[in-house]
Every structure is written in structure tokens, then in C-alpha cells.
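Remarks on the structure that follows.
Number of protein chains: 2
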Amino acid sequence: MRWRSVGEVNCSVARTLAVIGERWTMLILREAFMGRRRFDDFQRNIGIARNILATRLRALVKDGILERFRADDEHARVEYRLTKKGMDLYPVMVAMLKWGDAWLWPAGEKGPPLQLVHRGCGAKAMPALVCPNCGDPVGARDMLAVARHAARPARRSERLARGKAAR
Amino acid sequence: MRWRSVGEVNCSVARTLAVIGERWTMLILREAFMGRRRFDDFQRNIGIARNILATRLRALVKDGILERFRADDEHARVEYRLTKKGMDLYPVMVAMLKWGDAWLWPAGEKGPPLQLVHRGCGAKAMPALVCPNCGDPVGARDMLAVARHAARPARRSERLARGKAAR
DNA sequence: CGGTATCCCATTTGATACTG
DNA sequence: CAGTATCAAATGGGATACCG
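Residue numbers (my numbering), protein chains in the order written: chain A, 627 to 793; chain B, 627 to 793.
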């Protein structure tokens, strides 16, 4: 498979990567979530080259993640704002932030610079991933992925038989 | 900033991207979370070129996300298994999966092929992001990011004054 | 301020073939 | 099975300058 066709694959992770998987994209979104809306702010805070930023912003607008507004009342200001679709990427951001906080700050260093606060209850804490039904926290081993369209999952013996037949 | 230095930046999102931000990496991890452990399985399921896969696997091992085992009892089998650090990337995966499910399947198409089931309670549902303190679901607008090392958050009036002083 | 236009260089990719 | 080796081609990046 070429990378170009990764967006047409039958998998939501692959499709998502086709949209936000490019190097700088999540950093642009980080800025957007931090409230930044302007071209030059993005450019300075990220340190990305201007032409590349322009390309990425165009792509994000095309993909419906950012919306471009021109506030033509004054100096031809342009703003990029997160759409609902863009806002919905927040869990991806937070998950990355949390993992980085947990694993990428060697003991010698000062520690992650950002602290999240829940506006609702005031708690200073990272959001957690839980089962929406029982509320228990979930990790990799707590969830099972099954094929949605399969009548029922195949048993090991059947899979083996199928493998033999294929040869 | 060159992309090469993105891992040394003072931001967990940037550092995380330096580790897992490469095109194919999350697809390799998708396979790993699905239980795949072998070179050729990765290669076939993802459709990645063999030399690239080899490079990525080496990087993931170096970064402590996968561990390489050689089961030398038989045919020199090699296995790549997720470490704890790797398992901890599950929320990133799920967040991408969930977003892709929600936004990247046009009405005409059949729908996402995967269904998650919580082993603990049997619920067929995607995990949700909640505040660990009050349990409420959180989205982008529910959380506030503050500087951890600041004495206290600056007020709007102070920020404005600072801005003026800088000019 | 919010971009384009250029131009060049570095990196990544991918196909294919080969090996122990 | 689990890679390496090779090499050509594509893409992406970055610096810089320019424009309305």
C-alpha cells in the first residue's frame, strides 16, 4: 500500500491518520486548542516554515477541522477556528499529552509545563479513559475488539482449517 | 524549528509526536494491540515496505514501546510485544479509532468494521474521556490548561499590561 | 498581517532482489 | 521467517524573498 491510499482503508485508525497523521498537524491543533487562531501566532509558536503552515491550514480547512474567518472590519484579520469536528479531536490531544507527561520527562528535568484543570469541578487532573457503561477505567487489556459485521467470531479450530484450505 | 528537535521541546504533545508521529507507526501499534507480533504479519496487514517496517520496529524497540523476543526453541521465530509503555498508548489509539468512527464514514459506506467490548461489564461501547475526580465526560471546552510552574494564573488585565510594556 | 513564489536540499518511500 | 541491500523516485522541509 502507498501512503496515499491509507485514507481509503477499511479502518478508522488508518483513516484518521490520513487526516491528522502528518508531522506538524497535531502541533497546529495543539495551538488551536490553546486558543490560538492566527497565522503568525501559529507560525511563531510552532516554529514551522510559513509555506508549510499555509499548506497544512488549507488541508485542515478542507477536511473540516478548522474554519477560516476573515474579520473584515479591521486590518483584514484572518482567524482559524476549530469546528465541532476539530473539537472532537481533543481526546487524541489529551491522550498524547498524558502519555508524554508520563513517559517522556526524565527525572533530571523540570517536568511537564502544563496542568489541566476541570472547569466543572476544579480538579487538577488529566482526564481518564473509562467504560461509559460501568465507569471503570480501561486499558489495552480491558477491551476486546470484535468484527462488527461478523455473524460470530470464528473459533481457533476454524481459523486453522481455513488457513489449511488457503494453501 | 527543524522537525528533528521537536522531541526536545518543552511540550509533551511535541515529544510524543517525536516518538509516534511518523506515518506508519500508529498502524504498527494498531496491529500490536490487535495481538499481532510477527514481522511478516505486520508487513502483510499494513502493506508497508519491508525495509521501512524494519526501521520502524527498530525505533519502537529503541524507544521502549515494543520488546523483541526470539523464541529460539523453534524456527528462529521473533516476536515483538508491547511493553507497559507501549500499552499505555492505548488511549491514543482508541481516541483515533473513535474519532474516525464518528467522522470518517460517509453515509453510503458500510460503517466501521470494529466494535469494542469491555471485558469487565460486557458493554459494547467506546471508552469515554472523563474527569477522574467527578466522573463527568470532558471535551475541549471543559478543561483549562494552566502553566504548572507559574505562581498563579495571570489575570486578563495583567496580560494586557504586559503586552503594552513589551511594545 | 497573511500569505505566495522559488528553489534547493534532506529525508522518506517503495520496489525488488537477496540472504541465513 | 525476518530481515538487509540497493537504488531510484517522490515528497516534504526550510530559507528567503516578495506581495497586497
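We put the beta carbon where it would ideally sit given N, CA and C, even for glycine.
Problem set entry | Inter-residue spacing [alpha-carbon to alpha-carbon] between lysine 710 (chain B) and methionine 627 (chain B) | For the purposes of this step, residue 710 (chain B) is identified with residue 84 of the second sequence, where counting begins at 1. For the purposes of this step, residue 627 (chain B) is identified with residue 1 of the second sequence, where counting begins at 1. Rounded to whole angstroms, lysine 710 (chain B) and methionine 627 (chain B) show a C-alpha spacing of 31 Å.
Exercise. Helix, strand or coil: which one does DSSP assign to methionine 713 (chain A)?
Worked result: As a first step, residue 713 (chain A) must be located in the first sequence, where it is residue number 87. Methionine 713 (chain A) falls in the helix class under three-state DSSP.
Exercise. Counting pairs of Cβ atoms below 8 Å between the region 720-739 of chain A and the region 639-659 of chain B, do you hit three or more?
Worked result: Yes: at least three Cβ pairs fall under 8 Å.
Exercise. So which residues on chain B does glycine 746 (chain A) lean against when the C-beta distance must stay under 7 Å?
Worked result: Here residue 746 (chain A) refers to the residue found at position 120 of the first sequence. The contacting residues are Cys757, Cys760, Asp762, Asp768.
For this session: Could you tell me whether the Cβ atoms of leucine 679 (chain A) and phenylalanine 668 (chain A) are closer together than 9 Å?
Result: As a position in the first sequence, residue 679 (chain A) is number 53, starting the count at 1. As a position in the first sequence, residue 668 (chain A) is number 42, starting the count at 1. Cβ atoms of leucine 679 (chain A) and phenylalanine 668 (chain A): closer than 9 Å.
Exercise. Taking C-beta to C-beta, are proline 753 (chain B) and valine 764 (chain A) nearer than 9 Å?
Worked result: Translated into positions along the second sequence, residue 753 (chain B) becomes position 127. Translated into positions along the first sequence, residue 764 (chain A) becomes position 138. Taking C-beta atoms as the reference points, proline 753 (chain B) and valine 764 (chain A) count as a pair closer than 9 Å.
Exercise. Going by other Cβ atoms of all chains shown within 10 Å of its Cβ, with 16 needed for buried, is cysteine 757 (chain B) buried or exposed?
Worked result: Indexing the second sequence from 1 puts residue 757 (chain B) at position 131. Cysteine 757 (chain B) is buried by the Cβ-count criterion.
Exercise. Hey, would you say leucine 742 (chain B) sits closer than 9 Å to alanine 771 (chain A), going by beta carbons?
Worked result: Sequence index remark: in the second sequence, residue 742 (chain B) carries index 116 (1-based). Sequence index remark: in the first sequence, residue 771 (chain A) carries index 145 (1-based). Their beta carbons are under 9 Å apart, which means leucine 742 (chain B) touches alanine 771 (chain A) by this criterion.
Problem set entry | Cα-Cα separation, methionine 713 (chain B) to aspartate 689 (chain A) | Counting from 1 along the second sequence, the entry for residue 713 (chain B) is found at position 87. Counting from 1 along the first sequence, the entry for residue 689 (chain A) is found at position 63. In this model, methionine 713 (chain B) and aspartate 689 (chain A) are separated by some 30 Å (Cα to Cα).
Exercise. Between the C-alpha atoms of arginine 707 (chain A) and aspartate 666 (chain B), what's the straight-line distance to the nearest angstrom?
Worked result: Within the first sequence, numbered from 1, the residue matching residue 707 (chain A) stands at position 81. Within the second sequence, numbered from 1, the residue matching residue 666 (chain B) stands at position 40. Distance between the alpha carbons of arginine 707 (chain A) and aspartate 666 (chain B): 43 Å.
Exercise. List, in order along the chain, the chain A residues whose C-beta lies closer than 7 Å to that of tyrosine 716 (chain B)?
Worked result: The residue given as residue 716 (chain B) occupies position 90 in the second sequence. Close to tyrosine 716 (chain B), with beta-carbon spacing below 7 Å, are these residues of chain A in chain order: Gly765, Ala766.
Exercise. If you draw a straight line from the C-alpha of alanine 773 (chain A) to the C-alpha of glutamate 735 (chain B), how long is it?
Worked result: By one-based count along the first sequence, residue 773 (chain A) stands at place 147. By one-based count along the second sequence, residue 735 (chain B) stands at place 109. Approximately 16 Å, taken between the alpha carbons.
For this session: May I ask which residues mark the beginning and end of the alpha helix (DSSP H) holding leucine 855 (chain B)?
Result: Since the first and last residues shown for chain B are 627 and 793, residue 855 (chain B) lies out of range.
Exercise. How is alanine 751 (chain B) classed by DSSP in three states: helix, strand or coil?
Worked result: As a position in the second sequence, residue 751 (chain B) is number 125, starting the count at 1. Three-state result, alanine 751 (chain B): coil.
For this session: Using the Cα positions of tryptophan 629 (chain B) and arginine 662 (chain A), report the straight-line distance between them to the nearest angstrom.
Result: The count along the second sequence starts at 1 and reaches residue 629 (chain B) at position 3. The count along the first sequence starts at 1 and reaches residue 662 (chain A) at position 36. Distance between the alpha carbons of tryptophan 629 (chain B) and arginine 662 (chain A) is about 21 Å.
For this session: State the start and end residues of the unbroken beta strand (DSSP E) segment that holds alanine 773 (chain B).
Result: In the second sequence, counting from the first residue as 1, residue 773 (chain B) sits at position 147. Unbroken beta strand (DSSP E) run through alanine 773 (chain B): 769-773.
For this session: Find the residues of chain A that neighbour leucine 679 (chain B), judging by a C-beta separation of less than 7 Å, and give them in chain order.
Result: Locating residue 679 (chain B) in the second sequence gives position 53, where the first residue counts as 1. Listed along chain A is no residue with a C-beta nearer than 7 Å to that of leucine 679 (chain B); the closest approach is about 12 Å.
Exercise. Got a sec: is the Cβ-Cβ distance from valine 639 (chain A) to anything in chain B below 9 Å?
Worked result: Within the first sequence, the letter at position 13 stands for residue 639 (chain A). The beta carbon of valine 639 (chain A) sits closer than 9 Å to some beta carbon of chain B.
Problem set entry | Identity of the residue in A:Arg670, A:Cys760, A:Pro732 nearest glutamate 634 (chain B) by Cα | On the second sequence, residue 634 (chain B) is found 8 positions in, with the first residue counted as 1. For glutamate 634 (chain B), the nearest C-alpha among the options comes from A:Pro732.
Problem set entry | Opening and closing residue of the alpha helix (DSSP H) in which alanine 644 (chain A) lies | Position 18 of the first sequence, counting from 1, holds the residue named residue 644 (chain A). That run of the alpha helix (DSSP H) goes 638-646.
Exercise. Mind checking alanine 697 (chain A): buried by the 16 CB within 10 Å criterion, or exposed?
Worked result: For the purposes of this step, residue 697 (chain A) is identified with residue 71 of the first sequence, where counting begins at 1. Burial call: exposed.
Exercise. For the beta strand (DSSP E) that contains alanine 697 (chain A), what are its first and last residues?
Worked result: Here residue 697 (chain A) refers to the residue found at position 71 when the first sequence is read from its first residue. For alanine 697 (chain A), the enclosing beta strand (DSSP E) covers residues 692-697.
Exercise. Going by C-alpha distance, which of B:Ile672, B:Leu740, B:Val687, B:Ala721 is nearest glutamate 705 (chain B)?
Worked result: For this step, residue 705 (chain B) is matched to residue 79 along the second sequence. Nearest of B:Ile672, B:Leu740, B:Val687, B:Ala721 to glutamate 705 (chain B), Cα basis: B:Val687.
Problem set entry | Beta bridge counterpart(s) of valine 704 (chain A) as assigned by DSSP | What you label residue 704 (chain A) is simply residue 78 of the first sequence in a count that begins at 1. The secondary-structure analysis by DSSP pairs valine 704 (chain A) across a beta bridge with A:Arg696.
Problem set entry | Interface partners of threonine 642 (chain A) on chain B, CB under 8 Å | Taking the first residue of the first sequence as position 1, residue 642 (chain A) is located at position 16. Close to threonine 642 (chain A), with beta-carbon spacing below 8 Å, are these residues of chain B in chain order: Met722, Leu723, Trp725, Gly726, Leu730.
For this session: Could you please tell me which residues of the region 664-688 of chain A, in chain order, have their CB closer than 9 Å to any CB of chain B?
Result: Against chain B - using a Cβ distance shorter than 9 Å - the residues of the region 664-688 of chain A are Ile672, Gly673, Ile674.
Problem set entry | Euclidean distance between Cα positions of leucine 740 (chain A) and leucine 655 (chain B) | In the first sequence, residue 740 (chain A) corresponds to position 114, counting from 1. In the second sequence, residue 655 (chain B) corresponds to position 29, counting from 1. Their backbone Cα atoms lie some 27 Å apart in a straight line.
Exercise. Going along chain B, which residues have a C-beta under 8 Å from leucine 740 (chain A)?
Worked result: The residue you call residue 740 (chain A) lines up with position 114 of the first sequence. Here the neighbours are Cys637, Ser638, Ala771, Val772, Ala773, Arg774.
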